[in-house]
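All remarks here apply to the structure that follows.
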Amino acid sequence: MTDVAGDLTPRGGHATRAAAATAVQPGATGQATAWSVAPGPRGRGASSNQWRQRLEIAFFVAPALLLFVVFVVVPVVQAARYSVFKWNGLGPLDDFVGLQNYLTALGDQIFQRAVTNNLTIAVLSIAIQLPIGLLIALLLNRKFKGQTAMRVIVFVPYVLAEVVAGVVWKLMMQPEGALNAFLESVGLGGLTQLWLGDPDVAMVTVMLVLTWKYVGLAIVLLLAGLQGVPEELHEAAQIDGASWWQTQRKITVPLLGPTIRTWMFLSMIGSLQLFDMVWILTKGGPDNASVTMATYLIKVGTDRNQYGYASAVAIILFVISFVLATLFQSLVLNRDTGDDKSAKRRKKVAR
Amino acid sequence: MKRTAALRAVALGAAVAMIATACSSTSGTDEPTEGAGEAVTLTWWHNSNTGAGKDYYDQLADEFEGDHPGVTVEVTALQHEDMLTKLSAAFQTGDHPDVFMERGGGELKEHVEAGLVKDITDDAADTISALGGSVAGWQVEGQTYSLPFSLGVVGFWYNKSMFAQAGITETPTTMDELYSAIDALKAVNIEPISVGAGSAWPAAHYWYYYALRQCSQDVLNEATQTLEFTDDCWLRAGESLEELVSKQPFNSGFLGTEAQGTPESASGLLANRKVAMELAGHWEPGVMQGLTDDEQGLGEDTGWFAFPAVEGGEGDPAAQLGGGDAWACAEDAPAVCVDFLEFMLSADVQKGFAELDMGLPTLPSATAFVAAPELAQLLAVRNEAPYIQLYFDTAFGVNIGNAMNDAIVTVFSGSGTPQGIVDATVAAAATE
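First to last, the protein sequences are chains A and B. Going by the numbering used here, the first sequence opens with residue 408, and the numbers climb by one from there. Going by the numbering used here, the second sequence opens with residue 7, and the numbers climb by one from there.
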């Protein structure tokens with residue numbers, strides 16, 4: 408039952424373009440191999456049937472594959488090519504500079520700050536959103552009046568378009584904006600800040616808004632995972648005299664493991680590629696305080712017509728995301744797909 | 007079983023959706039191609055996309071079509087930032103308009119090197135000589151590539167009633183006078199100056215002006231050519247800026263403030279009477295009008311004064327920082343394109359342009375028709391300036407310019423130094 412929730416989460420969480428792409432890709436190729444291998448042993452007698460199946464596969468897979476190649480593979484290869492040239496976007500690619508663009512980027516203090524900021528956001532997002540998400544999900548999983556309404560309200564920030572939410576926050580966080588006015592009016596005047604104009608505060612501001620925006624996703628995914636925790640286990644625990652708190656800690660949270668890990672994966676990838684919210688709130692400023700790899704790419708790369716350099720930064724961003732994603736996949740998510748997992752889990756539950 | 011059925015349904019749905027998008031995207035690229043015929047079509051992009059300015063340009067296009075049978079002028083009016091973005095994309099794909107706006111400096115040089123702009127030195131010789139010195143910013147190696155139609159200078163726009171409230175009777179002409187104006191405004195609880203440091207270039211204009219005041223014209227010209235900043239006047243420019251920043255004259259949160267566009271932007275703060283002044287170009291009255299409810303901007307309270315003199319500087323105190331817009335033809339545009347440029351710079355067209363306050367006309371005969379008093383005052387300062395330095399970021403091109411602007415912002419935030427500005431600029435120049 409937990410597997411269902413685990414299966415559903417990647418499809419439900421098209422949080423980022425990368426997530427969508429990775430969700431599409433294994434699906435497409437997985438289907439293709441599974442189906443083309445299966446009819447093999449049945450022999451050549453069923454060749455017309457086999458051809459029909461192949462046609463079917465081609466018919467269903469080709470459009471997705473084509474889109475994937477044209478919009479993902481080709482741009483990545485192009486970026487890799489541009490990244491070894493110095494190119495201002497005009498005229499031919501004829502100034503080959505080798506790895507110079509990569510060396511410049513890696514040696515640039517602001518890019519280093521961008522990488523640090525991305526990693527900080529990735530770690531803090533999980534550290535902050537996981538406890539909040541878990542608590543609210545557990546709360547919303549109890550039966551009470553207005554449960555559905557509460558679930559919708561909690562999820563609303565995530566559904567709002569990023570740009571709309573960003574612009575509204577930006578307006579509220581102006582020096583004379585609603586947020587400071589609110590703090591003053593409830594007697595917390597000491598907490599008023601130049602939310603977007605103070606280099607020391609900007610990252611805090613970005614984290615606040617990101618938490619507000621994305622904790623809804625964590626809650627919904629965890630709620631979905633909670634549906635997969637069998638009711639009987641709770642009943643059994645209750646009979647054994649476990650308190651509500653003990654039940655959650657010993658039964659619910661361990662059973663939520665796969666969901667939590669999948670959410671962590673999505674959150675991490677989203678944090679590494681973070682662009683839109685930061686761009687709207689601060690443009691990576693003030694004074695590069697909240698710069699991320701993606702805003703750096705736009706500001707120092709494309710805004711300065713340094714398309715070769717921008718491509719090199721994009722490739723570095725790609726490599727960092729790819730390596731971290733693979734590491735996470737093999738070290739953490741593997742536990743959920745390994746063969747021995749069901750046996751282990753049964754043991755855990757039985758304990 | 008139920009699950010696989012559901013999965014199949016989902017897969018089918020997804021496949022159908024993908025086919026649908028695939029089909030629609032191919033049909034979307036099916037652009038109508040231009041019908042081949044004797045008729046010539048001129049495509050023209052401009053940025054007067056609202057009100058009387060847009061109507062005026064539409065009317066000019068009709069007039070030109072009337073005078074030149076067989077010529078169709080296809081006008082596209084775009085919001086300024088949109089136009090710049092689309093233009094830069096258009097130049098990369100080769101699908102660019104015949105007539106477009108050039109801002110001179112490094113950007114024009116790049117376009118010339120890439121063979122995108124028509125050399126009009128001989129074809130438009132008469133108009134070029136009528137425009138005189140204004141054309142200088144649009145020449146590359148002695149050849150002229152576009153005709154400037156508006157040329158403005160940067161100065162302080164201020165709120166007259168706020169200055170009166172603070173007891174400031176004379177507008178500042180030296181830095182010391184500016185400092186005492188700042189103190190006087192602070193004394194009556196008015197934030198003295200708004201600056202859009204979040205957008206970088208409005209903050210950079212301060213350093214540009216200090217460089218203009220500290221460095222002699224020879225040093226400036228040499229730096230624009232050689233990209234070397236060895237003279238210590240460049241450092242003194244940064245020190246002057248540090249001194250101004252240390253007086254804390256700027257609106258609260260200025261590091262996150264944008265240049266224009268919203269009521270909280272630097273221009274919006276001035277227009278909505280939250281601050282007393284702002285350093286900005288000739289576009290400011292128009293920008294402010296769009297940022298207030300009554301569309302009047304500061305109205306009667308709008309005042310202007312030139313950037314003050316800096317004591318001990320080697321630059322001419324009357325020299326101004328400025329820039330402008332010019333019309334250019336694409337290299338592959340039809341020959342009639344040059345006629346269109348000359349038509350746009352004819353006395354009548356420039357007169358109408360001036361009367362509508364669309365900009366500051368470059369043709370000397372048209373300058374008398376500028377209606378708004380503060381703009382007329384600005385125009386007088388422009389015409390008396392011994393030389394007008396093009397905004398450094400435009401002059402050096404977007405790569406060096408943006409690196410320089412970002413470094414200037416670090417001085418505003420207190421994390422950078424005058425030497426840092428020079429270093430960042432030299433480092434970016436090395437990547438050219």
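Note that the Cβ used here is the ideal one computed from N, Cα and C, for glycine as well.
Could you compute how far the alpha carbon of residue i sits from the alpha carbon of residue j?
i	j	result
residue 562 of chain A	residue 542 of chain A	15 Å
residue 732 of chain A	residue 626 of chain A	22 Å
residue 662 of chain A	residue 742 of chain A	13 Å
residue 443 of chain A	residue 728 of chain A	Its pLDDT being 42, under 50, residue 443 of chain A is placed unreliably by the model, and the measurement read from it follows with that caveat. Distance between the alpha carbons of residue 443 of chain A and residue 728 of chain A: 32 Å.
residue 685 of chain A	residue 640 of chain A	44 Å
residue 318 of chain B	residue 526 of chain A	48 Å
residue 274 of chain B	residue 490 of chain A	40 Å
residue 350 of chain B	residue 67 of chain B	10 Å
residue 607 of chain A	residue 696 of chain A	7 Å
residue 372 of chain B	residue 383 of chain B	15 Å
residue 735 of chain A	residue 457 of chain A	39 Å
residue 436 of chain B	residue 187 of chain B	41 Å
residue 474 of chain A	residue 468 of chain A	10 Å
residue 27 of chain B	residue 538 of chain A	With a pLDDT of 42 at residue 27 of chain B, under the threshold of 50, the modelled position of that residue is not reliable, and the figure given next carries that caveat. Using only the alpha carbons, I get a separation of about 40 Å.
residue 401 of chain B	residue 740 of chain A	53 Å
residue 723 of chain A	residue 87 of chain B	29 Å
residue 708 of chain A	residue 229 of chain B	24 Å
residue 433 of chain B	residue 488 of chain A	24 Å
residue 133 of chain B	residue 369 of chain B	9 Å
residue 323 of chain B	residue 63 of chain B	37 Å
Helix, strand or coil: which one does DSSP assign to residue i?
i	result
residue 164 of chain B	strand
residue 302 of chain B	coil
residue 729 of chain A	helix
residue 641 of chain A	helix
residue 507 of chain A	helix
residue 125 of chain B	coil
residue 144 of chain B	helix
residue 418 of chain A	Here residue 418 of chain A scores only 36 on pLDDT, less than 50, and its place in the model is too uncertain to base an answer on.
residue 670 of chain A	helix
residue 99 of chain B	helix
residue 74 of chain B	coil
residue 741 of chain A	helix
residue 337 of chain B	coil
residue 423 of chain B	coil
residue 108 of chain B	strand
residue 734 of chain A	helix
residue 256 of chain B	strand
residue 393 of chain B	coil
residue 431 of chain B	helix
residue 80 of chain B	strand
Suppose contacts are defined by Cβ-Cβ distances below 8 Å. Is residue i in contact with residue j by that definition?
i	j	result
residue 327 of chain B	residue 233 of chain B	no
residue 632 of chain A	residue 599 of chain A	no
residue 535 of chain A	residue 618 of chain A	yes
residue 282 of chain B	residue 340 of chain B	no
residue 333 of chain B	residue 93 of chain B	no
residue 431 of chain B	residue 409 of chain B	yes
residue 694 of chain A	residue 419 of chain B	yes
residue 759 of chain A	residue 503 of chain A	Outside the modelled stretch of chain A, which goes from 408 to 758, sits residue 759 of chain A, for which no answer is possible.
residue 211 of chain B	residue 285 of chain B	yes
residue 260 of chain B	residue 200 of chain B	yes
residue 330 of chain B	residue 158 of chain B	yes
residue 55 of chain B	residue 83 of chain B	yes
Taking 7 Å as the line, does the beta carbon of residue i fall inside it for any heavy atom of the ligand FAD?
i	result
residue 635 of chain A	The ligand FAD is absent from the structure shown, which contains no ligand whatsoever.
Within the region 564-637 of chain A, ranges of the alpha helix (DSSP H) (whole runs, at least 4 residues): 569-579, 585-592, 609-634
3 or more residues per run - each beta strand (DSSP E) lying fully within the region 258-327 of chain B: 281-286, 308-311
Every unbroken beta strand (DSSP E) inside the region 169-237 of chain B [3 residues or more]: 197-200
Members of the region 626-648 of chain A that neighbour chain B once the beta carbon cut-off is set at 9 Å: none
Near-chain B residues of the region 699-715 of chain A (beta-carbon distance less than 7 Å), N- to C-terminal order: 710, 711, 712, 713
Where the region 477-502 of chain A meets chain B: residues whose CB sits under 7 Å from a CB there: 495, 496, 497, 498
Selection of the region 677-700 of chain A by Cβ proximity to chain B, strictly under 7 Å: 689, 690, 692, 693, 694
Interface positions of the region 248-262 of chain B facing chain A (Cβ-Cβ less than 9 Å), listed along the chain: 257, 258, 259, 260, 261, 262
Positions along the region 568-585 of chain A whose CB lies within less than 7 Å of some CB in chain B: 581, 582
Cβ-based contacts, 9 Å cut-off: residues of the region 195-208 of chain B near chain A: 203, 204, 205, 206
Members of the region 90-116 of chain B near chain A, C-beta cut-off 8 Å: 94, 97, 98, 116
Interfacial residues, the region 409-425 of chain B to chain A, with Cβ spacing under 9 Å: 409, 412, 415, 416, 418, 419, 420, 421, 422
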